[in-house]
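Protein chains in written order, with the numbering used here: chain A, 1 to 312; chain B, 313 to 512. For each residue, glycine too, the CB sits at the ideal point set by N, CA and C. Some notes on the structure that comes next.
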C-alpha cells in the first residue's frame with residue numbers, strides 16, 4: 001500500500017461525498033457517528049460513567065481497537081492530525097494499521113509527533129509529553145468494567161456503580177496487601193474520577209495514572225466488544241485507589257533509558273540476544289527520539305541514521 | 313407563510329462534524345464558547361445555531377421536545393422531521409433533546425428527564441437559544457473542565473436554568489446537560505459544573 005492513491009481517494013471523498021464503491025469520510029456512516037457522538041457528549045457530562053453504545057462491526061477483529069477506532073471516526077474532521085500509538089510506539093502493527101486505515105478512509109494528515117497531533121489514539125500508554133488543551137486522547141479499551149473480575153454480572157455491577165458501592169474493590173486491594181505486602185496491580189490500576197465513579201483506565205501501566213489527573217486534554221475511552229464509551233473531561237480529578245498507610249506508588253525503574261538516558265519515563269525491556277542480554281528503552285518512541293535529537297544520550301546510544309533501528 | 317421546505321446543512325458530513333466538535337469541546341470546557349456556523353435556512357423561531365445543533369444530534373433514534381414557541385410554528389416540525397427523521401416527544405421528561413427558543417417560558421429543569429441512578433446518561437440534553445455571550449448576567453463556573461474558576465457574562469440565560477441548577481448538580485449522577493446556543497457560538501453546561509451568579 002502506498003499513500004498517494006489513498007490520499008487521492010480520500011480527497012475525492014472530501015470534495016463531493018462518497019461515490020459508488022467509496023467510503024464515507026472516516027469509514028462510519030453518518031447515523032452511526034451521530035449515535036456515537038451522543039454517547040460521547042453524555043460520557044463527558046458524567047465523568048467516569050460507562051455509557052452503553054451500539055458498537056458496530058468494524059473491518060478488524062475485537063481486541064484490535066474497534067472501540068477506539070469508532071470513537072476516533074466519530075470525532076475526526078478533515079482538519080485533524082492523527083497520531084496512533086500502540087504500547088507507546090508509532091511503528092508497531094496495531095498503530096501502523098490504524099493510522100493507514102484513517103489515512104485511507106478519511107484522508108487526514110497523520111503524524112508521529114505528540115505535540116503536532118490533535119487526536120491521539122492509543123493502546124495501553126499515555127504519551128510522556130503532557131497533553132495540551134484541544135488535544136484528544138482516545139483509548140482502546142478491552143474491558144471497561146473495573147469490577148468485572150470481582151463481580152461477573154452486569155446487573156450487579158450496574159447497581160454497584162449506581163450506589164457508589166465500591167467496597168469490593170477495596171477488599172481486593174486489601175487482599176493484595178495481605179498476600180503480597182503491597183498492592184500488586186501494576187496495570188489496569190483502578191481510579192476514582194471526580195470523587196464518584198471508579199473507572200478502569202484501560203491496561204495502561206500504573207506509571208501513567210498520575211497523568212490522567214487534572215489533564216489539560218480531553219480523554220475518551222472506547223470499548224468495542226463491551227459496547228461502552230466513557231470520558232474524563234479536561235481538568236478533572238482522577239485519583240488512583242489506595243489506603244492511607246499504603247499510598248499509591250507508580251512503577252519505578254532501576255536504570256535510565258539505554259538510548260536517551262531518561263530517568264522519568266516508562267521503559268520497555270528489550271531482549272538483545274539469547275544469552276540473557278537485555279536493554280531498557282523508552283516505550284514512548286516519539287519522546288525518546290525527541291530527547292536523542294536534542295542531545296540526550298543513553299549508554300547504548302549509537303550516533304547515525306540507524307540509531308533507533310526497529311526497536312519498539 | 314412559504315410552504316417550500318428550507319434546506320439543512322450544505323454538507324451534512326463536514327458541517328455535522330464541525331458542530332459536534334464545537335459541542336464536544338463546549339461540554340468539555342464549560343464556560344468557554346466555541347464558534348458554530350449556523351444552519352441559516354432553519355425556520356424561525358429556530359435560530360441558525362439551534363438548528364445546526366438539531367441537525368447534528370437528532371435522527372430517527374432520538375426524541376425531541378419543542379418548547380411552546382417552536383411547537384407553534386409548523387415549519388419547524390416539518391423541517392426537523394424532514395432533515396433528521398426524529399420523533400417528537402410529547403412531554404419534556406420523555407425527551408432525549410429539548411429545543412428551547414424562548415427560555416423565559418421554559419419549564420423548570422426538574423421537568424426534564426434526569427435519567428436514573430443506574431443509567432444517568434438517559435437524561436435530556438437541553439439546547440437553549442440565548443441572546444449572546446460577553447454581556448448580561450455575570451457568572452462564575454467551577455468544576456470538571458474548568459481550570460480553577462472562570463467568569464463569563466451570558467445574556468438571556470433563562471431564569472429556570474439558574475433557579476434549578478443547584479438541585480440539578482446535587483442530583484449527580486442524574487441531571488440534565490445544557491448547550492446554550494448564542495448567535496454564532498455555543499457554551500456547554502454539563503451537570504457537573506457549579507454556577508455562581510456574581511451580578512445580574
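Assigned exposure category for residue i - 16 Cβ within 10 Å defines buried
i	result
residue 49/A	buried
residue 502/B	buried
residue 179/A	exposed
residue 271/A	exposed
residue 365/B	buried
residue 341/B	buried
residue 83/A	buried
residue 287/A	buried
residue 243/A	exposed
residue 37/A	buried
residue 252/A	exposed
residue 163/A	exposed
Best match in the options for proximity to residue i [C-alpha to C-alpha]
i	options	result
residue 510/B	353/B, 441/B and 474/B	474/B
residue 438/B	323/B, 316/B and 335/B	335/B
residue 456/B	331/B, 321/B and 339/B	339/B
residue 316/B	357/B, 387/B and 328/B	387/B
residue 489/B	426/B, 401/B, 373/B and 362/B	426/B
residue 240/A	207/A, 257/A, 253/A and 260/A	207/A
residue 235/A	130/A, 61/A, 114/A and 26/A	130/A
residue 145/A	44/A, 230/A and 46/A	230/A
residue 195/A	484/B, 354/B, 458/B and 496/B	484/B
residue 471/B	486/B, 449/B and 432/B	449/B
residue 88/A	265/A, 275/A, 302/A and 276/A	265/A
residue 73/A	126/A, 90/A, 22/A and 33/A	33/A
Boundaries of the alpha helix (DSSP H) in which residue i is found, first to last residue
i	result
residue 174/A	167 to 180
residue 391/B	386 to 396
residue 35/A	30 to 45
residue 158/A	154 to 162
residue 225/A	Careful: residue 225/A lies outside any alpha helix (DSSP H) and carries neither H nor E.
residue 183/A	First-last for residue 183/A: undefined, no H or E at that position.
residue 66/A	66 to 75
residue 365/B	360 to 369
residue 405/B	Where residue 405/B is concerned, there is no enclosing alpha helix (DSSP H), given that its DSSP letter is neither H nor E.
Test: residue i CB closer than 8 Å to a CB of chain B
i	result
residue 101/A	no
residue 326/A	Outside the shown range of chain A, which is 1 to 312, sits residue 326/A, and nothing can be said about it.
residue 298/A	no
residue 45/A	yes
residue 37/A	yes
residue 236/A	yes
residue 209/A	no
residue 81/A	no
Residue span of the beta strand (DSSP E) that contains residue i, given as start and end
i	result
residue 375/B	375 to 378
residue 449/B	444 to 454
residue 191/A	191 to 193
residue 55/A	Looking at the DSSP string, residue 55/A is not in any beta strand (DSSP E), and its letter there is neither H nor E.
residue 121/A	119 to 123
residue 140/A	136 to 140
residue 279/A	278 to 282
residue 409/B	409 to 412
residue 208/A	That residue, residue 208/A, is in no beta strand (DSSP E); it is neither H nor E in DSSP.
residue 493/B	489 to 493
residue 294/A	Segment: none, residue 294/A is in no beta strand (DSSP E) and carries neither H nor E.
CB contact check: residue i to chain A, cutoff 8 Å
i	result
residue 452/B	no
residue 379/B	no
residue 371/B	yes
residue 502/B	yes
residue 330/B	yes
residue 325/B	yes
residue 496/B	no
residue 489/B	yes
Residue i beta carbon near the ligand PLP (any heavy atom closer than 7 Å)
i	result
residue 38/A	The ligand PLP is not part of this structure, which contains no ligands at all.
Please list, in chain order, the residues of the segment 332 to 351 of chain B that have any C-beta partner in chain A closer than 9 Å. Contacts with chain A (Cβ-Cβ distance below 9 Å) from the segment 332 to 351 of chain B involve 332, 333, 335, 336, 337, 339, 340, 341 and 342, listed in chain order.
Scan the segment 211 to 225 of chain A for residues whose Cβ lies nearer than 8 Å to a Cβ of chain B and list them as they occur along the chain. Per Cβ criterion, the list reads 216 and 218.
Counting only Cβ-Cβ distances shorter than 9 Å, please list the residues of the segment 457 to 484 of chain B near chain A, keeping chain order. Within the segment 457 to 484 of chain B, the qualifying residues are 457, 458, 459, 460 and 484.
Looking at chain A, which residues of the segment 419 to 444 of chain B have a Cβ within less than 9 Å of any of its Cβ atoms? Answer set for the segment 419 to 444 of chain B: 427, 428, 429, 430, 431, 432, 433, 434, 435 and 437.
Going along the segment 152 to 182 of chain A in order, which residues come within less than 8 Å of chain B, judged by CB to CB distance? In summary, the residues of the segment 152 to 182 of chain A whose CB is separated from some CB of chain B by less than 8 Å are 158, 159, 161, 162 and 163, in the order they occur in the chain.
Proximal residues, the segment 58 to 76 of chain A versus chain B, C-beta separation under 9 Å: Under the 9 Å Cβ criterion, the segment 58 to 76 of chain A contributes 74, 75 and 76.
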